[in-house]
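The structure appears below as structure tokens.
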Amino acid sequence: MSLRRMQFAILLVAALILISCSASSGPTMIYDLTQHPNTFRNKEVTVLGTYLWKPGNPGTAVLLPGLSTSDGVNDAQPVYASVVCAANGECSPNTTAVGVPATGAVWLDNFPAAVSADLHRPSDSVWGVVQVTGTFETGHFGPGGTYNYRMNVRQAQAMQKVERVVAALPNKPLGAGKVTFFELVDHPDQYAGQQVTTQAYYFWSPATSGTLAEKVSREQSADAPAGLNPRPEGRIAALDGFPPDLSKQLNVGEGNSFVWGVVEVTGKWETNGKWGPNGEYKEHFVIDHGKAKIISK
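One gets my numbering by counting positions in the sequence shown from 1 and adding 934 to each.
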């Protein structure tokens, strides 16, 4: 684990400890479950931990003592409690080995989608410090029975709500010879195959590819004026042909992880297709010979 990634992991674990200390008579820590599973077996418990959901086949939905990220948000990786367990099922901290999924995490079923909205939501995961209440069970759970512990979640809440800022296009006329993005997406077939000039938020990332969007939201951060974990929202169309040299005039993420800002583009509008990395966009805009300009960051 790199020093930078390790620092983010330590911060998350420290956050859990601070929350626990401020509520010493309150929720159980996840370490209590992983060290004393027999004590809590088949009981309803309220526990603090770090929730991590990752898509995939199979996916992941677990409660952990912490996790690491590459930049404070993205590429979340689990940090498991490190324990050694006796034959009777009781466990104690292990300071010489790395934790493993079986004994270092709790598989979660029925985590509320509404709570996920208050957590970090980069393109590859959902994660954050949470308090969950549910029945704690021992056995073999999750994909391939990998996890020894499970909670059937009855209720949950985010302990550190993520505040997001939304930048949205104004719905107003653009002037003669131009079509608003709202008009394009409201009446896509009316402009199909035509050359049009419009303004919208340009957004690019490896996960989305080039897009035109109605809005861009991002996590508030005093250390990152462009925001953390920005993503396009509202109505979105695929975009091709954006001049790379213009990107530096927009909001650019560390390592060119994203680009976004308001642009004016001229090109061909296409409809009724499947564009984007996963064919998720029904509309497509192809810029004509680099006809694009920056409106604002």
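Here a beta-carbon is modelled for each residue, glycine too, at the ideal position from N, C-alpha and C.
None of these values were measured; they are calculated from a predicted model.
Taking 7 Å as the limit between beta carbons, can you name the residues of its chain near residue i, skipping five residues before and five after?
i: residue 1077; result: 992
i: residue 1023; result: 971 and 972
i: residue 1035; result: 1014, 1080 and 1081
i: residue 1209; result: 1172, 1215 and 1218
i: residue 1180; result: 1226 and 1228
Going by alpha carbons, who is nearest to residue i out of the options?
i: residue 1096; options: 1049, 1136, 1144 and 1112; result: 1049
i: residue 1075; options: 1083, 1169 and 1151; result: 1083
i: residue 1058; options: 1149, 1139, 1223 and 1173; result: 1139
i: residue 1173; options: 1115, 965 and 1006; result: 1115
i: residue 1129; options: 1086, 1145, 1193 and 1220; result: 1220
i: residue 1021; options: 1226, 972, 977 and 1202; result: 972
i: residue 1072; options: 1044, 998 and 1037; result: 1037
i: residue 995; options: 1080, 1094 and 1004; result: 1080
i: residue 1031; options: 1041, 1105, 1042 and 1019; result: 1019
i: residue 1044; options: 1009, 985 and 1006; result: 985
i: residue 1005; options: 1034, 1210 and 1162; result: 1162
i: residue 1040; options: 1055, 1010, 1104 and 975; result: 975
i: residue 1176; options: 1064, 1164, 1193 and 1055; result: 1193
i: residue 966; options: 1026, 990, 1055 and 1066; result: 1026
i: residue 1007; options: 1056, 1108 and 1117; result: 1056
i: residue 977; options: 962, 990 and 987; result: 962
i: residue 969; options: 1033, 989 and 1010; result: 1033
i: residue 987; options: 1010, 1003 and 1108; result: 1010
i: residue 1213; options: 964, 1002, 1145 and 1105; result: 1145
i: residue 1104; options: 1110, 1117 and 1190; result: 1117
In chain order, what residues of the same chain have a beta carbon less than 8 Å from the beta carbon of residue i, not counting five sequence neighbours either side?
i: residue 1029; result: 1016
i: residue 948; result: The pLDDT assigned to residue 948 is 45, lower than 50, so where the model puts this residue is not dependable; a value taken from the coordinates is nonetheless given after this. Same-chain partners within the cutoff: there are none.
i: residue 1195; result: 1135, 1136, 1183, 1184, 1185, 1228, 1229, 1230 and 1231
i: residue 1092; result: 1049, 1052, 1053, 1062, 1063 and 1064
i: residue 1106; result: 1114
i: residue 957; result: In this prediction, residue 957 has a pLDDT of 44, which is less than 50 and means its spatial position is unreliable; nothing more can be read from the coordinates.
Look at the Cβ atom of residue i, then the Cβ atom of residue j, and state whether they are nearer than 8 Å.
i: residue 979; j: residue 1000; result: no
i: residue 1088; j: residue 1151; result: no
i: residue 1125; j: residue 1203; result: yes
i: residue 1207; j: residue 1222; result: no
i: residue 1155; j: residue 1211; result: no
i: residue 1066; j: residue 1119; result: no
i: residue 1226; j: residue 1188; result: no
i: residue 983; j: residue 1064; result: yes
i: residue 1166; j: residue 1147; result: yes
i: residue 1042; j: residue 998; result: no
What does DSSP give as the partner residues of residue i in its beta bridges?
i: residue 1246; result: Outside the shown range of the chain, which is 935 to 1231, sits residue 1246, and nothing can be said about it.
i: residue 1132; result: 1199
i: residue 1183; result: Answer is none; residue 1183 lacks a bridge partner.
i: residue 1174; result: 1220
i: residue 1226; result: 1199
i: residue 1090; result: 1066
i: residue 1145; result: 1137 and 1172
i: residue 1214; result: Looking at the DSSP assignment, residue 1214 forms no beta bridge with any residue, so it has no partner.
i: residue 1075; result: 1081
i: residue 962; result: 981
Under 6 Å Cβ to Cβ from residue i, same chain only, skipping five residues before and after it: list those, please.
i: residue 1217; result: 1122, 1171 and 1205
i: residue 1112; result: 1131
i: residue 1046; result: 1090
i: residue 955; result: Residue confidence is low: residue 955 scores 47 on pLDDT, short of 50, so the model does not pin down where it sits. No coordinate-derived value is stated.
i: residue 1068; result: 1085, 1086, 1087 and 1088
i: residue 1101; result: 1150
i: residue 1164; result: 1150, 1152, 1192 and 1194
i: residue 1224; result: 1177
At 4 residues or longer, what runs of the alpha helix (DSSP H) sit wholly inside the stretch 1001-1061? DSSP runs (the alpha helix (DSSP H)) wholly in the stretch 1001-1061: 1035-1038 and 1047-1050.
Quick check for students: name the residue ranges of the alpha helix (DSSP H) that lie wholly in the stretch 964-1000, counting only runs of 4 or more. Along the stretch 964-1000, the alpha helix (DSSP H) occurs as fully enclosed runs of 4 or more residues at 964-969 and 971-974, listed in sequence order.
At 4 residues or longer, what runs of the alpha helix (DSSP H) sit wholly inside the stretch 1093-1130? If we require 4 residues or more, the alpha helix (DSSP H) runs fully inside the stretch 1093-1130 come out as 1115-1120.
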